[in-house]
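**Student:** One structure coming up, written as C-alpha cells, with questions to follow.
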Amino acid sequence: RHLFHPFYSRLLVGAEEYFAAHGYNLMYLSLDYNTTVDLQDHHMPMALQRRGLVCGYILAGRISPNLLEFLRRRGIPFAALGNHVLGEWQHDQYDVVWSDDIQGAYEMTRFLQSLGHRDIWFVGDCRLFWGTRRWEAYRRAMVEAGLSPQISRIDSDDYFELGYLSTKSVLNRGASLTAIFAASDQIAQGVCRALSDCGLQVPQDVSVVGYDDIEAAFMHPPLTSVRAFVDQIA
Numbered sequence: 047r048h049l050f051h052p053f054y055s056r057l058l059v060g061a062e063e064y065f066a067a068h069g070y071n072l073m074y075l076s077l078d079y080n081t082t083v084d085l086q087d088h089h090m091p092m093a094l095q096r097r098g099l100v101c102g103y104i105l106a107g108r109i110s111p112n113l114l115e116f117l118r119r120r121g122i123p124f125a126a127l128g129n130h131v132l133g134e135w136q137h138d139q140y141d142v143v144w145s146d147d148i149q150g151a152y153e154m155t156r157f158l159q160s161l162g163h164r165d166i167w168f169v170g171d172c173r174l175f176w177g178t179r180r181w182e183a184y185r186r187a188m189v190e191a192g193l194s195p196q197i198s199r200i201d202s203d204d205y206f207e208l209g210y211l212s213t214k215s216v217l218n219r220g221a222s223l224t225a226i227f228a229a230s231d232q233i234a235q236g237v238c239r240a241l242s243d244c245g246l247q248v249p250q251d252v253s254v255v256g257y258d259d260i261e262a263a264f265m266h267p268p269l270t271s272v273r274a275f276v277d278q279i280a
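The number in the working numbering is simply the position in the sequence shown, starting from 1, with 46 added.
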C-alpha cells in the first residue's frame with residue numbers, strides 16, 4: 047500500500063538494483079487485507095499460499111502483526127521494514143531492517159531549538175507507527191527543553207493534503223509559530239504550500255524541516271530533512 051509514495055518508490059528501486067546485480071528477479075504485489083483478524087479467514091494471493099513460487103518477501107508499506115504471523119506460520123522467508131509495522135509486535139521474532147527515526151526526530155527537534163526556536167509545531171499522521179514514533183521523539187525533546195509540544199494533524203492518506211490542511215489550521219487559530227517539523231518530506235511540501243498561500247516565506251517567516259530526505263533537494267528553497275538512507279535499507 048502507498049507504494050508510489052516517494053519513500054516506497056525509492057525503496058523498490060533500491061531493492062531492484064541489488065537483485066539485478068545478484069541474479070534475482072523482483073516482483074511487486076499489492077496486498078489489501080484486514081489488519082485485525084486472522085488471515086486464515088481471508089482469501090490470500092496464491093503467491094502467499096504456495097511454496098516454490100517465490101523464495102522470499104520484502105514487506106513495506108503498512109504492515110500489520112497478523113501478516114507477519116501469517117508468513118511465519120508457513121515458514122516463508124521474509125524481511126520487514128520495521129519502522130512501518132502497525133501496533134504492538136514482537137520484533138525479535140522476525141528479520142527486520144530499521145532506521146532510527148526516534149533518534150533522528152529527536153535530534154532534528156534539538157537542532158531547531160539550537161537555532162532559537164521555541165514555538166515549534168509537529169505536523170504528521172499519528173495513525174501510522176512511524177508518525178507516532180517521530181511525534182514521541184519530538185515531544186520528548188520539547189519537554190526536556192521546558193517547551194510545550196504542539197501538534198496539528200488531520201486523518202488523510204494524502205500526505206500533501208495532510209501538511210497543507212494541518213498548517214492552515216494552525217494559522218487560522220492564530221497560534222504562535224516560528225517553526226514546523228513535518229513528519230515526512232511530502233507532508234513538508236503541503237506545509238510550505240499552505241505557508242506560501244498565507245503570504246509567509248520559508249525560512250524568513252517560518253522555518254520548516256522534514257524527514258526521509260527523498261524530495262528535499264527538489265523543493266524551493268531546499269528543505270532541511272533527516273536522511274533515512276533508503277537505498278541502504280533496500
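Just so it is clear, CB atoms sit at the ideal spot from N, CA and C, and this is done for glycine as well.
Using a threshold of 9 Å, state whether the C-beta atoms of ALA191 and ALA151 are closer than that.
**Tutor:** Contact flag unset, no.
**Student:** Could you check the C-alpha separation between PHE168 and CYS238 for me, to the nearest Å?
**Tutor:** If I take the Cα positions, the gap works out to 14 Å.
**Student:** DSSP three-state call for VAL83: helix, strand or coil?
**Tutor:** DSSP places VAL83 in coil when its eight states are reduced to three.
**Student:** Taking contact to mean at least 3 C-beta pairs separated by less than 8 Å, is the region 50-68 in contact with the region 258-267?
**Tutor:** With the cut-off at 8 Å, the region 50-68 and the region 258-267 touch.
**Student:** Rounded C-beta distance between GLY170 and ILE233? I'm assuming under 8 Å.
**Tutor:** Yes, they are in contact, since the Cβ atoms of GLY170 and ILE233 sit about 6 Å apart, within 8 Å.
**Student:** Quick check on this structure: which residue in VAL276, ALA228 and ASP78 has the alpha carbon closest to the alpha carbon of TRP181?
**Tutor:** Ranking VAL276, ALA228 and ASP78 by Cα distance to TRP181 puts ALA228 first.
**Student:** Under three-state DSSP, which class holds TYR54?
**Tutor:** Reduced to three states, the DSSP call for TYR54 is helix.
**Student:** State the CB to CB distance for the pair VAL100 and ALA125, rounded to an integer number of angstroms; the pair is presumed to be in contact (CB under 8 Å).
**Tutor:** Actually they do not touch by this definition, with Cβ atoms about 13 Å apart.
**Student:** Roughly how many angstroms separate the alpha carbons of GLU134 and PRO111, rounded to a whole number?
**Tutor:** In a straight line, the C-alpha of GLU134 is about 8 Å away from that of PRO111.
**Student:** Three-state secondary structure (DSSP) at SER271?
**Tutor:** In the structure shown, SER271 sits in a strand (DSSP, three-state: E or B).
**Student:** By DSSP's criteria, ALA126 is part of a beta bridge. Which residues make up the other side?
**Tutor:** In DSSP, ALA126 forms a bridge with LEU105 and VAL142.
**Student:** Would you call the region 240-250 and the region 190-206 in contact, with 3 or more CB pairs under 8 Å?
**Tutor:** No, the region 240-250 is not in contact with the region 190-206.
**Student:** Is TRP181 helix, strand or coil by DSSP?
**Tutor:** In this structure, TRP181 counts as helix in the three-state DSSP scheme.
**Student:** Reducing DSSP to helix, strand and coil, say where GLU63 ends up.
**Tutor:** Correct three-state label for GLU63: helix.
**Student:** Can you tell me whether GLN235 is buried or exposed, with buried defined as 16 or more other CB within 10 angstroms of its CB?
**Tutor:** Looking at its Cβ environment, which holds 16 or more other Cβ atoms inside 10 Å, GLN235 is buried.
**Student:** Note the first and the last residue of the continuous beta strand (DSSP E) segment covering ALA225.
**Tutor:** From DSSP, the beta strand (DSSP E) with ALA225 extends over 225-228.
**Student:** Find the nearest neighbour of PRO268 within the set ALA280, VAL254 and GLN136, judged by alpha-carbon distance.
**Tutor:** Among ALA280, VAL254 and GLN136, the Cα nearest to that of PRO268 belongs to VAL254.
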